[in-house]
Amino acid sequence: MQILNQKTPQLVVDHEKLKELLRGVVSNTEGCEVYQLEKLYALLCQSIYRHRKDYDKTALMRK
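Per the working numbering, the sequence shown starts with residue 13, numbered consecutively.
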């Protein structure tokens, strides 16, 4: 069980960019209908899934 002894890499997240993304999504989705929000949700989930193994999340924030 050597994998249990491996050190986990540090997670790298730009919190300011994350807050900026959240503000942008909230402001740009005001007045959207449910199907539009569902499409956006699906796109966000796909992007998060593609980067699920990356400990450096800066590339995720650029997409």
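Note that CB positions come from ideal geometry on N, CA and C, so glycine has one too. Just so you know, these numbers come straight off a predicted model, no measurement behind them.
Distance CB(residue i)-CB(residue j) smaller than 9 Å
i     : j     : result
LYS65 : LEU23 : no
VAL38 : LEU52 : no
LEU33 : THR41 : no
Cutoff 7 Å; reference residue i; Cβ partners in own chain excluding five residues on either side
i     : result
HIS63 : LYS69, ALA71 and LEU72
Per DSSP, cross-strand counterpart(s) of residue i
i     : result
ASP66 : According to DSSP, which records beta bridges pairwise, ASP66 is partnered with nothing at all.
VAL24 : ASP68
Own chain, CB closer than 6 Å to residue i, minus 5 neighbours either side, in chain order
i     : result
LYS29 : MET73
Nearest neighbour of residue i, chosen from the options [CA to CA]
i     : options                : result
TYR67 : MET13, LYS19 and GLN14 : LYS19
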